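See structure below.
There are 2 protein chains.
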Amino acid sequence: MAAKRSDAPGRKPRRAGAKLEPTKQPGSEPPLSRERIVATAVELLDAEGVGGMSMRRLADRLGAGAMSLYWHVDNKEKVFDLALDQVLAYREPPQTGEPRNWRDEVVHMLEDWRKSMLRHPWSASLLPRRALGPGILGRLELLGSILSRAGVADADLNVAIWSLWNYVMGATITRASFELTDDEKAAAQQRLSTLGERHPTIQRTRLLLDNDWDGTFRKGLDVLLDGLAGRQ
Amino acid sequence: MAAKRSDAPGRKPRRAGAKLEPTKQPGSEPPLSRERIVATAVELLDAEGVGGMSMRRLADRLGAGAMSLYWHVDNKEKVFDLALDQVLAYREPPQTGEPRNWRDEVVHMLEDWRKSMLRHPWSASLLPRRALGPGILGRLELLGSILSRAGVADADLNVAIWSLWNYVMGATITRASFELTDDEKAAAQQRLSTLGERHPTIQRTRLLLDNDWDGTFRKGLDVLLDGLAGRQ
DNA sequence: GATTGACTCGTATAGCGTACGAGAGGATAA
DNA sequence: TTATCCTCTCGTACGCTATACGAGTCAATC
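Protein chains in written order, with the numbering used here: chain A, 1443 to 1674; chain B, 1443 to 1674.
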């Protein structure tokens, strides 16, 4: 009887013996594993987007049967969670010795966060399903520790962390969802001039036509950090 | 031959004559229309969530065949877009005569925005698919005009608008995705204490256990507005 | 009366997530 | 050596999905 593999947290799924690989056909795939499934899911998501990621197609890419995946992973939702957390994890930079000031540190980490997500645009649309994996937790911890070292009082720390998180997530999701608009930009332009009298302000400032996403992100982040800095 | 109804922007789908209803069976449904489809989709989404909203079930609720919907609506994606924009539209308050200061105005509008979305939690997870419907555009215009009247220079206006938008969207999406956590809270608590040594800061500040979402939202918004105000 | 256009919907196709249970194959116990 | 067990794979099947296609209904118009 195939008892579903338990989900105990510390479990290592590798074979006990772990001598040499079972050597199926030479040139065949390595054995399935949660890690390989997640890595391949990220590839598939990158290539085909959220809609193109099906368990069958994922299994195909892995050279396995669709149902084999379910031994390693509860369900499709779980695959999404794992892929998302993997993408969001912070790979600490080599830590060049000089200690930056806290603002630069925060900006660097948050810009990296945003960049990581934009490199995998599907991650933005997956985010709304909560997934507090180790990757996200690691980022939050790092952010909190920087701010704390910078002198933010514990009583204000949660507000500071969540404000920055909210800003980054909102900016990234917005940016990612506006990604594929090139022919749509013409339509937006047209619609905007049509609706100009109803929307004079955003037409005047060309809000929807501004392309400097990175600059706008950075400037808004500065505004937020100004507000935080003024609080101490 | 059933030529698909065109999507020209100004079109009014109603019957030309529009005398009295075709009087099918007494007590039967009113005729299909885009408006009725969207309204019912919102109901269905409220009741069953994103996963429970299928074209068949929507058609059932409307007392129609599934394929009938496609005369009024391009595809399921479009239904989502329309439902989202409907929920996000700003129903201007009765406008009590006294003109508030700009900060209160901004806060009021943004809190209403957030509340509108949290009333329909699925809207947060739908947001990442861009949908620049009239509802969202109306909000953006209003926000821009308030800020402009408050003295924000045109050169800074886009950054201000996007910063606030980003913050609200991030906060709302985060909040909505953490919604259903009651038994999970125990798990989070446990995991947090287990991982306490790896995440000392967020454990100390009880980041994940803080329940005062509304207060945190408001405080963070104040931080951001402080930053904006200090810029003039 | 004939024609047209707006609208409804039955049927069918291709795909989906995943429950179920059989079975392969190595490890262990007898 | 044989029997048992555990881990892992996967073929089949079920119920569901979005939607393409085309036939059919009915009111308005010519």
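In this text, a Cβ means the ideal position worked out from N, Cα and C, and glycines have one as well. All values reported here derive from a predicted model rather than from experimental measurement.
inquiry  = I'd like to know whether the C-beta of methionine 1611 of chain A is nearer than 8 Å to at least one C-beta of chain B.
reply    = Taking CB atoms only, methionine 1611 of chain A has a neighbour in chain B less than 8 Å away.
ask   = Hey, is the stretch 1599-1615 of chain B in contact with the stretch 1609-1618 of chain A, meaning 3+ C-beta pairs nearer than 8 Å?
value = Yes: at least three Cβ pairs fall under 8 Å.
message = On the CB-based measure, 16 or more other CB atoms within 10 Å of its CB, does leucine 1599 of chain A come out buried or exposed?
response = A residue is called buried once 16 or more other Cβ atoms fall within 10 Å of its Cβ, and leucine 1599 of chain A is buried on that count.
inquiry  = Could you compute how far the alpha carbon of isoleucine 1479 of chain B sits from the alpha carbon of phenylalanine 1522 of chain B?
reply    = Distance between isoleucine 1479 of chain B and phenylalanine 1522 of chain B, taken at the CA atoms: about 11 Å.
ask   = Since leucine 1473 of chain B is in the alpha helix (DSSP H), which residue starts that stretch and which ends it?
value = This sequence places proline at residue 1473 of chain B; leucine is not what is there. From DSSP, proline 1473 of chain B is part of no alpha helix (DSSP H); its letter is neither H nor E.
message = Under 8 Å: do the stretch 1554-1573 of chain B and the stretch 1524-1534 of chain B share three or more Cβ pairs, one atom per stretch?
response = Contact holds: three or more Cβ-Cβ distances are below 8 Å.
task = Flag asparagine 1608 of chain A as yes if its beta-carbon sits less than 8 Å from any beta-carbon of chain B, otherwise no.
result = Contact with chain B is found for asparagine 1608 of chain A, since one of that chain's Cβ atoms lies less than 8 Å from the residue's Cβ.
ask   = In chain order, which continuous runs of the alpha helix (DSSP H) of length 4 or greater are located wholly inside the stretch 1562-1604 of chain A?
value = Whole alpha helix (DSSP H) segments, 4+ residues: 1564-1568 and 1576-1591.
key: Contact between the stretch 1643-1662 of chain A and the stretch 1572-1590 of chain B (3+ Cβ pairs under 8 Å)   = They touch, by the three-pair rule.
ask   = What does a CB cutoff of less than 7 Å around valine 1515 of chain A pick up in its chain, not counting 5 residues either side in sequence?
value = Excluding sequence neighbours, valine 1515 of chain A sits near Arg1476, Ile1479 and Val1521.
Rounded distance between the beta-carbons of aspartate 1527 of chain A and proline 1576 of chain A, thought under 8 Å = About 7 Å separates the two Cβ atoms, so the contact holds.
inquiry  = Here's the rule: buried if 16 or more other CB atoms are within 10 angstroms of the residue's CB, otherwise exposed. What is asparagine 1517 of chain B?
reply    = Burial call: exposed.
ask   = Counting contacts by CB-CB distance shorter than 8 Å, is lysine 1661 of chain A in contact with chain B?
value = Yes, contact with chain B.
inquiry  = Counting C-beta neighbours from all protein chains within 10 Å, is the total for methionine 1509 of chain A 16 or more, i.e. buried, or is it exposed?
reply    = Residue environment analysis places methionine 1509 of chain A among the exposed positions, since fewer than 16 neighbouring C-beta atoms fall within 10 angstroms of its C-beta.
message = Taking its Cβ as the centre, do 16 or more other Cβ atoms sit within 10 Å of serine 1605 of chain A, making it buried, or is it exposed?
response = Buried.
inquiry  = To the nearest angstrom, how far is the alpha carbon of leucine 1666 of chain A from that of isoleucine 1603 of chain A?
reply    = So the two alpha carbons sit approximately 11 Å from each other.
query = Which residues, taken in chain order from the stretch 1546-1571 of chain B, show a beta carbon closer than 8 Å to some beta carbon of chain A?
reply = For chain A, the residues of the stretch 1546-1571 of chain B that bring a beta carbon within less than 8 Å of one of its beta carbons are Ala1566, Ser1567, Leu1569, Pro1570 and Arg1571, in chain order.
query = When the Cα atoms are used, what is the spatial distance from alanine 1481 of chain A to isoleucine 1578 of chain A?
reply = Answer to the nearest angstrom: the Cα atoms are 17 Å apart.
Proximal residues, the stretch 1644-1656 of chain A versus chain B, C-beta separation under 8 Å = For the stretch 1644-1656 of chain A, the set of residues with a beta-carbon nearer than 8 Å to any beta-carbon of chain B comprises Ile1644, Arg1646, Thr1647, Arg1648, Leu1649, Leu1650 and Asp1652, in chain order.
task = May I ask you to report which of helix, strand or coil DSSP gives alanine 1506 of chain A?
result = In the structure shown, alanine 1506 of chain A sits in coil (DSSP, three-state: anything other than H, G, I, E or B).
message = Using CA atoms only, rank isn't needed, just tell me which of B:Trp1607, B:Trp1655, B:Thr1643 and B:Ala1618 is closest to isoleucine 1658 of chain A.
response = Here residue 1658 of chain A turns out to be threonine, not isoleucine, going by the sequence shown. Out of B:Trp1607, B:Trp1655, B:Thr1643 and B:Ala1618, the CA that lies nearest to the CA of threonine 1658 of chain A is found in B:Trp1607.
Cβ neighbours of valine 1594 of chain B in the same chain (closer than 6 Å, five flanking residues each side left out) = Its chain contains Ala1602 as the residues whose beta carbon lies nearer than 6 Å to that of valine 1594 of chain B, once the 5 sequence neighbours on both sides are disregarded; these appear in chain order.
task = Determine the chain B residues that contact threonine 1658 of chain A at a beta-carbon separation under 8 Å, and present them in chain order.
result = Within 8 Å of the CB of threonine 1658 of chain A, the CB atoms of chain B belong to Asn1600, Val1601 and Trp1604, in sequence order along the chain.
request  = With DSSP as the reference, label serine 1496 of chain B as helix, strand or coil.
outcome  = Under the three-state reduction of DSSP, serine 1496 of chain B is assigned to coil, being neither helix nor strand.
query = Among A:His1641, A:Ala1525 and A:Met1495, which has the Cα closest to the Cα of leucine 1574 of chain B?
reply = Of A:His1641, A:Ala1525 and A:Met1495, the residue nearest in Cα terms is A:His1641.
message = Rounding to the nearest angstrom, what Cα-Cα distance links leucine 1474 of chain B and alanine 1489 of chain B in this structure?
response = Approximately 21 Å, taken between the alpha carbons.
inquiry  = Taking the alpha-carbon of glycine 1662 of chain B as reference, which of A:Gly1662, A:Gly1669 and A:Asp1664 has the nearest alpha-carbon?
reply    = Ranking A:Gly1662, A:Gly1669 and A:Asp1664 by Cα distance to glycine 1662 of chain B puts A:Gly1669 first.
task = Can you have a look at proline 1570 of chain A and say buried or exposed, based on whether 16 or more other CB atoms are within 10 angstroms of its CB?
result = Counting Cβ neighbours within 10 Å, proline 1570 of chain A comes out buried, since at least 16 surround it.
ask   = Would you report the Cα separation of tryptophan 1564 of chain B and valine 1549 of chain B, rounded to the nearest angstrom?
value = Spanning the two alpha carbons is a distance of roughly 23 Å.
query = Cβ atoms of alanine 1525 of chain B and alanine 1566 of chain B: under 8 Å apart, would you say?
reply = Contact flag unset, no.
task = Go ahead and label arginine 1498 of chain A buried or exposed: buried means 16 or more other beta carbons lie within 10 angstroms of its beta carbon, across all protein chains shown.
result = A residue is called buried when at least 16 other Cβ atoms come within 10 angstroms of its Cβ; arginine 1498 of chain A does not meet this threshold and is exposed.
ask   = Any idea if glycine 1494 of chain B is buried or exposed, counting beta-carbon neighbours within 10 angstroms, 16 or more meaning buried?
value = Note on glycine 1494 of chain B: under 16 other CB atoms within 10 angstroms of its CB, so exposed under the neighbour-count rule.
query = Going by alpha carbons, who is nearest to aspartate 1654 of chain A out of A:Arg1673, A:Phe1620, A:Glu1639 and A:Arg1591?
reply = Cα-wise, what sits closest to aspartate 1654 of chain A is A:Phe1620.
task = Give a yes or no on whether the minimum CB-CB distance between glutamate 1404 of chain B and chain A is below 8 Å.
result = Because chain B spans 1443 through 1674 in this model, residue 1404 of chain B falls outside it and cannot be assessed.
key: Residue from B:His1562, B:Leu1568, B:Ser1558 and B:Asp1596 whose Cα sits closest to the Cα of arginine 1581 of chain B   = Of the candidates B:His1562, B:Leu1568, B:Ser1558 and B:Asp1596, B:Ser1558 places its Cα closest to the Cα of arginine 1581 of chain B.
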